[in-house]
Every structure is written in structure tokens, then in C-alpha cells.
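**Student:** Residue numbers (our numbering): -14 to 158. Okay, here's the structure, questions in a sec.
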């Protein structure tokens, strides 16, 4: 149904719990508790309102951020016309996930320094690539170093996620 009609992104009408488009619900049972308390779909209101209305514990704030960040700005603008789809770092449109993790012009020096450092540490030359940076996907000749790259990828992805809304890009310094 979703593929036939071209629906590839999460919808505010979809359930949070047991939703294949929202992976955190698969390993975090707190989202099951949300469902049991009546919070079923991707509601886009403030966390305090959700706590009051559904009795959510305050320590679920990070989970709320996961739900909110699962929908990119370019998609949210289609639902809520008063929102701005520009990136928080550089005010460029559209602020989709590719832009936020790879193509934002403020991230160019960050990724360049990462790949230069990797090329110095590993006995291979790595070229900056969205496949490696976003997905951690490497080509076959690099299989010997895959574990190192996967570990580094997860750390870098976490690092960028921490500074997701920061106006300043992350740096190695």
C-alpha cells in the first residue's frame, strides 16, 4: 500500500509502537508503555503537554526527542505549513537527513578532516563519501578494516547527533 501510493516517510498518523519506520520502538520497551498510556501516533506537541496528558515519566524526554527527530524538517513543513524547512546550522533548504549528516556546507571541513585522519591511520586512502559517513558502508577492498570503520562510523554518527541542532558544526579540535 505504502509503496503503491509513494508513501516512504513516517506519517504523523502512524503508530509509534511496532512501527518498522521508527526503529527505536523495536528495542525500547518504553514506547510500549507510551502505547498503553494512550500515546499512539507521532504527536507533535511539547513534551510537558504529553507528560500531563498521558502521564509520561520525565525521564522519557530523550525518547520524545527520538520521535521528533525521526521526521525531518522537509517532511514536517508539508504537514505544518508554518514551520521552516531550513537547516539549523546554515539556514539552507531542504533540511533533510542527507543534508544534516553529509551535504551541509558547514560539515565539509569536519568530514575532510575525518577522512584525512583515517587515511593517515589506516593503510588505505579513503575518499569522502556519503555511503561511508551516513551508512558506514565500505567497498570490498576495505573488508580488512571494516570493523574499525564501523566502530568509528557509530562514534561519528553519535557525535553529529549530539550537536544536531547546534549552529556550529562539530570539529576534531
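Glycine included, every Cβ here is placed at the ideal spot set by N, Cα and C. Nothing here was measured: the structure is a model prediction, and the numbers come from that model.
Can you give me the Cβ contacts of residue 45 inside the same chain, cut-off strictly under 7 Å, excluding the 5 residues immediately before and after it?
**Tutor:** Position 60 of the chain shown, counted from the start, is the residue given in the question as residue 45. Excluding residues within five positions, the ones whose Cβ falls inside 7 Å are 15.
**Student:** For residue 72, count neighbouring C-beta atoms within 10 Å of its own C-beta (all shown protein chains included) and say buried if the count is 16 or more, exposed if not.
**Tutor:** Counting from 1 along the chain shown, the entry for residue 72 is found at position 87. Buried, because 16 or more other Cβ atoms sit within 10 Å of the Cβ of residue 72.
**Student:** Just to confirm, are residue 22 and residue 39 a CB contact at a threshold of 8 Å?
**Tutor:** As a position in the chain shown, residue 22 is number 37, starting the count at 1. As a position in the chain shown, residue 39 is number 54, starting the count at 1. Contact: yes.
**Student:** So residue 113 and residue 100 are in contact, right, with Cβ under 8 Å, and what is the actual spacing, rounded?
**Tutor:** Start at 1 with the first residue of the chain shown, and residue 113 comes out as number 128. Start at 1 with the first residue of the chain shown, and residue 100 comes out as number 115. Confirmed, about 5 Å.
**Student:** If you follow the alpha helix (DSSP H) that residue 84 is part of, which residue opens it and which one closes it?
**Tutor:** As a working mapping, residue 84 is identified with position 99 in the chain shown. That residue, residue 84, is in no alpha helix (DSSP H); it is neither H nor E in DSSP.
**Student:** Any idea what DSSP makes of residue 141, helix, strand or coil?
**Tutor:** By one-based count along the chain shown, residue 141 stands at place 156. It is helical.
**Student:** Look up residue -14 in the DSSP assignment and say whether it is helix, strand or coil.
**Tutor:** Taking the chain shown and counting its residues from 1, the one referred to as residue -14 is at position 1. Reliability of the predicted coordinates at residue -14 is poor, the pLDDT of 46 falling under 50, and the value obtained from them is presented with this limitation in mind. Of the three classes helix, strand and coil, the one that applies to residue -14 here is coil, per DSSP.
**Student:** With residue 15 as the anchor, note down where its alpha helix (DSSP H) starts and where it stops.
**Tutor:** Translated into the one-based positions of the chain shown, residue 15 becomes position 30. That run of the alpha helix (DSSP H) goes 15 to 21.
**Student:** Helix, strand or coil: how does DSSP classify residue 104 here?
**Tutor:** Mapped onto the chain shown, residue 104 falls at position 119. Residue 104: helix per DSSP, three-state reduction.
**Student:** Identify, in the order they occur along the chain, each residue of the same chain with its Cβ nearer than 7 Å to the Cβ of residue 36, setting aside the five sequence neighbours on each side.
**Tutor:** For the purposes of this step, residue 36 is identified with residue 51 of the chain shown, where counting begins at 1. If we look at residue 36 and ignore the five residues flanking it on each side, its Cβ neighbours are 43.
**Student:** Can you tell me whether residue -14 is buried or exposed, with buried defined as 16 or more other CB within 10 angstroms of its CB?
**Tutor:** As a position in the chain shown, residue -14 is number 1, starting the count at 1. Residue confidence is low: residue -14 scores 46 on pLDDT, short of 50, so the model does not pin down where it sits. Its coordinate-derived value is still stated next. Exposed: under 16 other Cβ atoms inside 10 Å.
**Student:** Would you say residue 87 and residue 108 are within 8 Å of each other, going by their C-beta atoms?
**Tutor:** Working through the chain shown from its first residue, we reach residue 87 at position 102. Working through the chain shown from its first residue, we reach residue 108 at position 123. Going by C-beta atoms, residue 87 is not nearer than 8 Å to residue 108.
**Student:** For residue 102, count the other beta carbons within 10 Å of its own beta carbon; 16 or more makes it buried, fewer makes it exposed. Which is it?
**Tutor:** The count along the chain shown starts at 1 and reaches residue 102 at position 117. Burial call: exposed.
**Student:** Can you name, in chain order, every residue of its own chain whose Cβ lies under 8 Å from the Cβ of residue 141, other than the five neighbours on each side?
**Tutor:** On the chain shown, position 156 is the one that residue 141 refers to. Excluding sequence neighbours, residue 141 sits near 99 and 118.
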